[in-house]
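The number in this note's numbering is simply the position in the sequence shown, starting from 1, with 272 added.
Note that CB positions come from ideal geometry on N, CA and C, so glycine has one too.
This report refers to the structure that appears directly beneath it.
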Amino acid sequence: MVVPAPHVNANNEGSLVVLLHGLARSDSSFRKMEKSLQEEGYATCNISYPSTKHPIEELVSKYVLPEIKRCLKGKSKTVHFVTHSMGGIIVRYLATQKIPFKTGRVVMLSPPNKGSEVVDTLGGLWLFRAINGPAGLQLSTSNESLPNTLGKPDFELGIITGNKSINLVLSSMIEGVDDGKVSIESAKLEGMKDLLVVESAHPFIMKNNITIEQTKYFLKHAEFKHKNKQE
273 MVVPAPHVNA NNEGSLVVLL HGLARSDSSF RKMEKSLQEE GYATCNISYP STKHPIEELV
333 SKYVLPEIKR CLKGKSKTVH FVTHSMGGII VRYLATQKIP FKTGRVVMLS PPNKGSEVVD
393 TLGGLWLFRA INGPAGLQLS TSNESLPNTL GKPDFELGII TGNKSINLVL SSMIEGVDDG
453 KVSIESAKLE GMKDLLVVES AHPFIMKNNI TIEQTKYFLK HAEFKHKNKQ E
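Structure representation (structure tokens):
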């Protein structure tokens, strides 16, 4: 499989933001977010990786980390991240590896930080495995699943998750308020700096205008702009 080169705003001297899409998605899902970040002055590295073909560890070592190094062009600097769904687990795993840069601020959109009950329920089905691949099977809620063995973040983390579902069948498998794939409770991670819930379903949260503005706000201030917060 040929993976497209990441879209890098090479002429921008601002901070580098790496964008990592979710399972069975591509870099195109982050184009609206990427354009807004570039307009804000950030250099961007929007990576497309074969999310359904390999386990997360292999996705990091063979695809994600090499592309980040290419975007850095050999320079040592702080790298910020904006992720969707499984992309957040990739960053958590990446942070446990020996990497040639410092992880700065991270905004995760609907991350399955404690796993997803959808995987628990459907993971044994051939069709689920065919569509989501080995990485999808790593996202269960069991204590042994990859998300539940990675521990607390050692970076400044903000999490935005949704409370609206367009898939009532999947939502019926999930405890508590969810976005059709991940519950609010599962998105949370001990050690996070801030949490924001928006009216959005899982597949669309990265294109939500509030999400985009709040992501930029967190990258600047290490917190979200809540309604009761004064400038």
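I'd like the list of long-range same chain contacts for Ala494, defined as Cβ closer than 7 Å, with 5 residues on each side in sequence excluded.
Once the five neighbours on either side are set aside, the close Cβ partners of Ala494 are Arg377, Glu428, Lys465.
Would you say Asn404 and Leu295 are within 8 Å of each other, going by their C-beta atoms?
Result yes, Cβ atoms of Asn404 and Leu295 sit closer than 8 Å.
With DSSP run on the structure shown, which of helix, strand or coil describes Glu485?
Three-state result, Glu485: helix.
DSSP on Gly360, reduced to helix/strand/coil?
Three-state result, Gly360: helix.
Under a three-way DSSP split, which group does Ser443 fall into?
DSSP places Ser443 in helix when its eight states are reduced to three.
Could you say if the region 300-318 and the region 387-400 meet the contact criterion of at least three C-beta pairs nearer than 8 Å?
In short, these stretches do not touch, since the Cβ pair count stays below three.
If contact is defined by three or more beta carbon pairs under 8 Å, each pair taking one atom from either stretch, is the region 452-459 in contact with the region 362-378?
With the cut-off at 8 Å, the region 362-378 and the region 452-459 do not touch.
Looking at the secondary structure, which residues open and close the beta strand (DSSP E) in which Asn318 lies?
Unbroken beta strand (DSSP E) run through Asn318: 315-319.
Given a cut-off of 8 Å, decide if Gly434 and Val390 are closer than it, judged by their beta-carbon atoms.
Not closer than 8 Å, so no.
Which term fits Pro419, buried or exposed, when burial requires 16 or more other beta carbons within 10 angstroms of its beta carbon?
Flag for Pro419 reads buried.
Looking at the structure shown, is Glu428 part of a helix, part of a strand, or coil, going by DSSP?
Glu428 falls in the strand class under three-state DSSP.
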